[in-house]
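Worksheet: one structure, shown below.
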Amino acid sequence: MKSIEMVVTTVQSAGELHRLLKQKLDFPAYYGENWDAFWDLISDPEDYGLPDEIIWIGFAALQRKLPKEAGQLLACLDDYHQEMELQPCMSTFLENTD
């Protein structure tokens, strides 16, 4: 089972969030760093898709700092889970313990 940790506690901007997603999810250099591009890549299980599990660390902090971006991310993940042919991806939300 492939699992990744996504520490979003210190993310300060939409661009920074997309760069983190790009790095952690191994997106290609041409990733457009917007929610349409994010959806295009995660809904392409042949080349990208999502891992079996993403552990989101500090998501509440992201929601406070960037509520629109956090909402868009959650909407994309919800849409992903509605697609029956896509590999399931469990999201675990933990608070930063530092």
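Numbering (the working numbering), first residue to last: -13 to 84.
Glycine included, every Cβ here is placed at the ideal spot set by N, Cα and C.
Fair warning: this is a prediction, and the values are worked out from it, not measured in the lab.
Taking 8 Å as the cut-off, the Cβ atoms of residue 36 and residue 28 count as close. Collapsing the DSSP output to three states places residue 72 in coil. Runs of alpha helix (DSSP H) with 4 or more residues, each lying fully within the segment 18 to 62, are found at 21 to 28, 45 to 51, listed in chain order. With respect to the 8 Å criterion, residue 48 and residue 61 are not classified as neighbours on the basis of their beta carbons.
Contact between residue 39 and residue 76 holds: CB atoms are separated by about 5 Å, below the 8 Å threshold.
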